[in-house]
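Visitor: One structure, pasted below without further comment.
Residue numbers (full-length UniProt numbering), protein chains in the order written: chain A, 1 to 247; chain B, 1 to 247.
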């Protein structure tokens, strides 16, 4: 899916921004960079520095004279835009875009262009009207102009999230240790109560919901077996240290 | 909600990155910037240029000597991290974080710290272990190091998305008790370590990751103030019961 997504930059004027875009793209697994009539050199010390190891994207980038040329093979073009335009256009959020991407990218010949305008003036009305839809990154109304590389970063991140959920790879599988079982927890709570009595913190005749509160705390933490062993070890050391009960 | 979120940068070495972070924050409606032991000047031509109109955030930024100082009043600290660590910690995605934010920010006294490490080496294990959870921005496995401002941009964007969707929902009335603050938790961990030494369960000369494991467990449980009081009471009773140390 990600290989079917093209980032199109129109009339960029700062090489550093192109470098920052290359880094953001490569970080998120995008590789297809198109530059329409850039107003600066593409390969400079600044662009390579900001690309920070993703400069092969700068070298692979294709330069086109017009937006038309850059998106000629695209099946969907989405323009990054501020909210209000004289002629209202279908306006989606980055999240909406992400939800559409898996189906939009399904066919082998599918190509999705995400089109970004000039640092100072964005996309023209004519360019916006070449797009199927406009994507608006929600921003502070008083300070809405995102840095170009930051705007690409947000959309590229949403592309990657869409791709990951399509893979059905949870990004949070860590190889966690096994959780304690119910009976291990119950044995722990019994042991805890004995130890709290031994150190005279708990009086079963006046329970004051103490054990209930501690249960709620530890159950919420979902202890692992290893953690349970540590907690049991602490209780044993506590009891030993408290010494035998006075007769 | 957004005013309860703090961006914490540790040991940043490029003023331009601090400026880029300020811009990303202001774009998304965040304003609380904390700098821990920056390794560069904060107000420079480069930082002001990259802030691009958000330089009031640079002037308002508070500089702290340590992470501890920067998050002392925080009720939740989340560290930005690469995936694998020797001791696995609760790992969430930026989207998971966003889903948690509305409830995490509910109380007036709530403060959520999003903690970012050095450009070259990220966060240390000690810093990561002061965090309740780690957030991993999904990236290309071959090219995983995001620019600092780009990483802040992604999380700040998720914060704003969460805030926007909250605006569309009825306010949730949970009636939960207030959570313990970071400093209350840290005082608990100090007390816990003293008590474990007193009962001869813990030998600081041979720590075996014991305190790290206990931190992980308790931070995961998100103790409330009332629960913290109970746990502190148990420690005091444990110490009293163990008696004075043999000379």
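Cβ coordinates follow ideal geometry from the N, Cα and C atoms, glycine included. What you are looking at is a predicted structure, and each value in this text was computed from that prediction instead of being measured.
Can the beta-carbon of residue 128 of chain A be found closer than 7 Å to that of residue 81 of chain A?
Guide: Along the first chain, one-based indexing puts residue 128 of chain A at 128. Along the first chain, one-based indexing puts residue 81 of chain A at 81. Yes.
Visitor: Please report the Cβ distance between residue 9 of chain A and residue 18 of chain A, rounded to the nearest whole angstrom; I am assuming they are in contact, meaning their Cβ atoms lie under 8 Å.
Guide: Walking along the first chain from the start, residue 9 of chain A turns up at place 9. Walking along the first chain from the start, residue 18 of chain A turns up at place 18. At roughly 7 Å, the Cβ-Cβ gap stays under 8 Å, so residue 9 of chain A and residue 18 of chain A are in contact.
Visitor: Are any of the Cβ atoms in chain A nearer than 7 Å to that of residue 138 of chain B?
Guide: Here residue 138 of chain B refers to the residue found at position 138 when the second chain is read from its first residue. It does: the Cβ of residue 138 of chain B has a partner Cβ on chain A nearer than 7 Å.
Visitor: Cβ closer than 9 Å: which chain B residues qualify as neighbours of residue 147 of chain A?
Guide: What you label residue 147 of chain A is simply residue 147 of the first chain in a count that begins at 1. Chain B residues near residue 147 of chain A: 20, 23, 24, 27, 50, 52, 149 and 153.
Visitor: With a threshold of 6 Å on Cβ separation, who are the neighbours of residue 113 of chain A within its own chain once the five nearest residues in sequence on each side are excluded?
Guide: Along the first chain, one-based indexing puts residue 113 of chain A at 113. These residues qualify, in order along the chain: 6, 8, 71, 74 and 77.
Visitor: Secondary structure at residue 224 of chain B, three-state DSSP: helix, strand or coil?
Guide: On the second chain, position 224 is the one that residue 224 of chain B refers to. Reduced to three states, the DSSP call for residue 224 of chain B is strand.
Visitor: Taking all protein chains shown into account, do 16 or more other C-beta atoms lie within 10 angstroms of the C-beta of residue 15 of chain A, making it buried, or fewer, making it exposed?
Guide: As a position in the first chain, residue 15 of chain A is number 15, starting the count at 1. Result: buried.
Visitor: Count the CB pairs spanning the stretch 223–237 of chain A and the stretch 200–210 of chain B that are closer than 8 Å, and state whether there are at least three.
Guide: Verdict: yes, contact present.
Visitor: What in chain A is Cβ-close to residue 221 of chain B, meaning under 8 Å?
Guide: Position 221 of the second chain, counting from 1, holds the residue named residue 221 of chain B. Per Cβ cutoff of 8 Å: 217, 218, 220 and 221.
Visitor: Rounded to whole angstroms, how far is the Cβ of residue 323 of chain A from the Cβ of residue 147 of chain B, which I believe are closer than 8 Å?
Guide: Absent from the model: residue 323 of chain A. The displayed extent of chain A is 1 to 247, so no value can be given.
Visitor: Which residues in chain A sit within 9 Å of residue 187 of chain B, going by Cβ to Cβ distance?
Guide: As a first step, residue 187 of chain B must be located in the second chain, where it is residue number 187. Correct list: empty, because the minimum Cβ distance to chain A is about 17 Å.
Visitor: Would residue 228 of chain B and residue 184 of chain B qualify as a contact pair, given that the criterion is a beta-carbon distance under 7 Å?
Guide: To locate residue 228 of chain B, count along the second chain from 1; it is residue 228. To locate residue 184 of chain B, count along the second chain from 1; it is residue 184. Result yes, Cβ atoms of residue 228 of chain B and residue 184 of chain B sit closer than 7 Å.
Visitor: Along the beta strand (DSSP E) that carries residue 6 of chain A, what are the first and last residues, could you check?
Guide: Numbered from 1 along the first chain, position 6 holds the residue referred to as residue 6 of chain A. Taken as a continuous stretch (DSSP letters only), the beta strand (DSSP E) holding residue 6 of chain A covers 5–10.
Visitor: Residue 137 of chain A by DSSP, collapsed to three states: which one?
Guide: By 1-based counting over the first chain, the position of residue 137 of chain A is 137. Coil.
Visitor: On the three-state DSSP scale, how would you describe residue 18 of chain A?
Guide: As a working note, residue 18 of chain A is residue 18 in the first chain. If DSSP states are grouped into helix, strand and coil, residue 18 of chain A belongs with the helices.
Visitor: How is the beta strand (DSSP E) around residue 77 of chain B delimited, first residue to last?
Guide: On the second chain, residue 77 of chain B is found 77 positions in, with the first residue counted as 1. Here the beta strand (DSSP E) through residue 77 of chain B covers 76–80.
Visitor: Based on the DSSP secondary-structure assignment, which residues constitute the bridge partners of residue 91 of chain A?
Guide: What you label residue 91 of chain A is simply residue 91 of the first chain in a count that begins at 1. According to DSSP, residue 91 of chain A bridges with A/134.
Visitor: So what's residue 118 of chain A in DSSP terms, helix, strand or just coil?
Guide: As a working mapping, residue 118 of chain A is identified with position 118 in the first chain. Of the three classes helix, strand and coil, the one that applies to residue 118 of chain A here is strand, per DSSP.
Visitor: Going by C-alpha distance, which of B/69, B/24, B/32 and B/12 is nearest residue 41 of chain B?
Guide: Within the second chain, residue 41 of chain B is the residue found at index 41, counting from 1. Looking at the Cα atoms, B/12 is the closest of the given residues.
Visitor: Specify the secondary structure class of residue 41 of chain A as computed by DSSP and reduced to three states.
Guide: Locating residue 41 of chain A in the first chain gives position 41, where the first residue counts as 1. Three-state DSSP puts residue 41 of chain A in coil, outside helix and strand.
Visitor: When you check each C-beta in the stretch 233–244 of chain B against every C-beta of chain A, which residues fall closer than 7 Å?
Guide: The residues in question are 233, 234, 237, 238, 241 and 242.
Visitor: Between residue 59 of chain B and residue 143 of chain A, how many whole angstroms is the CB-CB distance? I'm expecting something under 8 Å.
Guide: Along the second chain, one-based indexing puts residue 59 of chain B at 59. Along the first chain, one-based indexing puts residue 143 of chain A at 143. At roughly 15 Å, the Cβ-Cβ gap does not stay under 8 Å, so residue 59 of chain B and residue 143 of chain A are not in contact.
Visitor: How big is the Cα-Cα spacing for residue 158 of chain B and residue 189 of chain B?
Guide: The count along the second chain starts at 1 and reaches residue 158 of chain B at position 158. The count along the second chain starts at 1 and reaches residue 189 of chain B at position 189. Each residue's alpha carbon lies about 31 Å from the other.
Visitor: What does the Cβ neighbour count give for residue 97 of chain A, buried or exposed, with the cut at 16 atoms within 10 Å?
Guide: Translated into the one-based positions of the first chain, residue 97 of chain A becomes position 97. That one is buried.
Visitor: Would DSSP call residue 165 of chain B helix, strand or coil?
Guide: Start at 1 with the first residue of the second chain, and residue 165 of chain B comes out as number 165. If DSSP states are grouped into helix, strand and coil, residue 165 of chain B belongs with the helices.
Visitor: DSSP state of residue 32 of chain A, grouped into three classes?
Guide: The residue given as residue 32 of chain A occupies position 32 in the first chain. DSSP places residue 32 of chain A in strand when its eight states are reduced to three.
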